[in-house]
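Mapping of the sequence shown onto this note's numbering: residues 10 to 376, in sequence order.
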Amino acid sequence: MSNVRDIPPVAITNIPYVDAAQFESYISKMGPLYEQLQRLKGTEDGRRRARSNPESSFECFETSNQTVKLSYPARDGRISSIPLATALSDDGLPNRQVRGIDSSRDGHYSAAALSIIPSGYFHQQFHLENPRIFDVVSEKSEVVPSNSTAESAGDGHAPAPGTALATNAILQEKLSWYMDTVEAHLVNSLAMASSTLFSALGSMTELHSEAGKLVEKVAALRQDLTPLDKDVVAKGLELTRKRQESHNVQQIHDAVLQLKRIVDGVVCYESLVNKGRIEKALAEMNVIESVMAGKRSDNLEDESLTYIQLRDLRGATALQGVASDLTILRYRIGKLFESKVHNHLIGDLRRHVQSVSAEEVILRWGA
Numbered sequence: 010m011s012n013v014r015d016i017p018p019v020a021i022t023n024i025p026y027v028d029a030a031q032f033e034s035y036i037s038k039m040g041p042l043y044e045q046l047q048r049l050k051g052t053e054d055g056r057r058r059a060r061s062n063p064e065s066s067f068e069c070f071e072t073s074n075q076t077v078k079l080s081y082p083a084r085d086g087r088i089s090s091i092p093l094a095t096a097l098s099d100d101g102l103p104n105r106q107v108r109g110i111d112s113s114r115d116g117h118y119s120a121a122a123l124s125i126i127p128s129g130y131f132h133q134q135f136h137l138e139n140p141r142i143f144d145v146v147s148e149k150s151e152v153v154p155s156n157s158t159a160e161s162a163g164d165g166h167a168p169a170p171g172t173a174l175a176t177n178a179i180l181q182e183k184l185s186w187y188m189d190t191v192e193a194h195l196v197n198s199l200a201m202a203s204s205t206l207f208s209a210l211g212s213m214t215e216l217h218s219e220a221g222k223l224v225e226k227v228a229a230l231r232q233d234l235t236p237l238d239k240d241v242v243a244k245g246l247e248l249t250r251k252r253q254e255s256h257n258v259q260q261i262h263d264a265v266l267q268l269k270r271i272v273d274g275v276v277c278y279e280s281l282v283n284k285g286r287i288e289k290a291l292a293e294m295n296v297i298e299s300v301m302a303g304k305r306s307d308n309l310e311d312e313s314l315t316y317i318q319l320r321d322l323r324g325a326t327a328l329q330g331v332a333s334d335l336t337i338l339r340y341r342i343g344k345l346f347e348s349k350v351h352n353h354l355i356g357d358l359r360r361h362v363q364s365v366s367a368e369e370v371i372l373r374w375g376a
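1. Around the C-beta of Leu-93, are 16 or more other C-beta atoms found within 10 angstroms, so that it is buried, or is it exposed?
2. When you compare only the Cα positions, how much space is there between Gln-45 and Tyr-35?
3. Quick check on the DSSP output: the alpha helix (DSSP H) that includes Glu-148 runs from which residue to which?
4. With distances taken between CB atoms, is the gap from Gly-285 to Leu-338 smaller than 8 Å?
5. Measure from the alpha carbon of Gly-303 to the alpha carbon of each residue in Asp-334, Val-276, Asn-283 and Leu-266, then state which is nearest.
6. Give a yes or no on contact between the stretch 191-207 and the stretch 120-140, applying the rule of three or more CB pairs nearer than 8 Å.
7. Can you grab the Cα-Cα spacing for the pair Ala-178 / Phe-135, in whole Å?
8. Consider the C-beta atom of Glu-247 and the heavy atoms of the ligand NAD; say whether any pair is separated by less than 7 Å.
9. What distance in whole Å lies between the Cβ atoms of Leu-322 and Leu-314, which are believed to be in contact at a cut-off of 8 Å?
10. Please specify which runs of the beta strand (DSSP E), each continuous and at least 3 residues long, are wholly inside the stretch 168-232, giving them in chain order.
11. Short of 7 Å in beta carbon distance, which residues of its chain neighbour Phe-143, apart from the five on each side in sequence? Order them along the chain.
12. Just how far apart, CA to CA, sit Asn-352 and Trp-374?
13. Buried or exposed for Leu-246, going by 16 or more other Cβ atoms inside 10 Å?
14. Is it buried or exposed for Pro-236, if we count other Cβ within 10 angstroms and need 16 for buried?
15. Can you say whether Tyr-316 is buried or exposed, counting buried as having 16 or more other CB atoms within 10 angstroms of its CB?
16. Anyone know if the C-beta pair for Met-294 and Ile-271 falls short of 8 Å?
17. Quick check on this structure: which residue in Ser-366, Gly-330 and Ala-122 has the alpha carbon closest to the alpha carbon of Asn-197?
18. Tell me whether the beta-carbon of Ile-342 lies closer than 8 Å to the beta-carbon of Ile-287.
19. Count the other CB atoms within 10 Å of the CB of Pro-25; is the residue buried (16 or more) or exposed (fewer)?
20. Quick check on DSSP: helix, strand or coil for Gln-45?
21. Classify His-136 as helix, strand or coil using the three-state DSSP reduction.
22. Just to confirm my understanding: we take Tyr-187, look at its own chain, exclude 5 residues before and 5 after, and list those with CB closer than 7 Å. What are they?
23. Tell me the residue span of the alpha helix (DSSP H) that contains Thr-315.
24. What are the boundary residues of the alpha helix (DSSP H) that includes Asp-357?
25. Can you say whether Lys-269 is buried or exposed, counting buried as having 16 or more other CB atoms within 10 angstroms of its CB?
26. For Ser-306, does the three-state DSSP call read helix, strand or coil?
27. List the endpoints of the continuous alpha helix (DSSP H) containing Gly-375.
28. Under a Cβ-count criterion, where at least 16 other Cβ atoms within 10 Å of its own Cβ denotes burial, should Val-350 be classed as buried or exposed?
29. Is Val-331 buried or exposed, if buried means 16 or more other CB atoms sit within 10 Å of its CB?
Spelled out as structure tokens, the structure:
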């Protein structure tokens, strides 16, 4: 368990004497901020009291003809008051320099200066009601003289009350020095980060404006492309439909030419059969059957079928009668062949009878 001895002692530094005139630039710049803060607080408090009690008057401090004073502990323990001047900018905003710290002192308030501040001040749970924190802040000094101290002081066994006042003044000066050090460090850090921040904000603003312009251009392009897309899509669909129609018409045209060739072939085939030109009729029949099956025959001499796509039309309803006609014509060709063979045999028999005598025939039969 930690005790008071575990708390590191605070390093007491020699505080140099500072003339009050050195704070005039700081006061001249911080005065307007302080006055503006007091005016805002007074106005806000007055509004709150007016809402709670309309008959009550504003009991705020006056800021129009009154000088606000900043109390600062002097080295001799007395509290000195320094008037604050007005130093607002033309637009009513405070100047960019919040603290009246000269640029020559920036190096004095560097990050290394934070090492003189005890670590207890940087604790995340900094509460003065914590005894350890209070001992670190007060440096275990008698901030308020106790009764026992006062009685012993009356007996002459303890130092006079002036010692406590001097100790309190030293503590106040230390606290003020710590506050100035931290504030200067924050100002320097903010000044270093502000340039990068503002440049980044400027870049983001430019990017935002450029993005807005690009969005507007994209929206305009979309509006322009919407009717164009509709027109292109409509024309594309119309073109596709026309191409399909053209393809279908071409297929019908090819089928009609193929059907015409079959019908013409059947008529020619029938005429050849009627004329008795059986061999040529058989060749024409082979061509017709090939065309009906969608095949190109070597005997096909019709040039109209050279550049078209032939299809199998044997299952077409329009060619059912053609198939029956071909069957009949094929039967007729068979009969013609039968008659021709019969005639050849009879003719051969007659030539044999005429060339050979009856006696020779009888002798051959008798032998």
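All residues carry an ideal CB built from backbone N, CA and C; glycine is no exception. Being a predicted model, the structure only gives us computed values, none of them experimental.
Taking the definition as stated:
1. Bear in mind that the predicted position of Leu-93 carries a pLDDT of just 32, short of 50, making it too unreliable to give a figure here.
2. 16 Å
3. No alpha helix (DSSP H) contains Glu-148, which DSSP labels as neither H nor E.
4. no
5. Leu-266
6. yes
7. 22 Å
8. Because no ligand of any kind appears in the structure shown, any question about the ligand NAD cannot be addressed here.
9. Incorrect: roughly 13 Å between the Cβ atoms, too far for contact.
10. none
11. Leu-137
12. 26 Å
13. exposed
14. exposed
15. exposed
16. no
17. Ala-122
18. yes
19. exposed
20. helix
21. coil
22. Ile-126 and Tyr-130
23. Element bounds for Thr-315: n/a, residue is neither H nor E.
24. 329-364
25. exposed
26. coil
27. 367-375
28. exposed
29. buried
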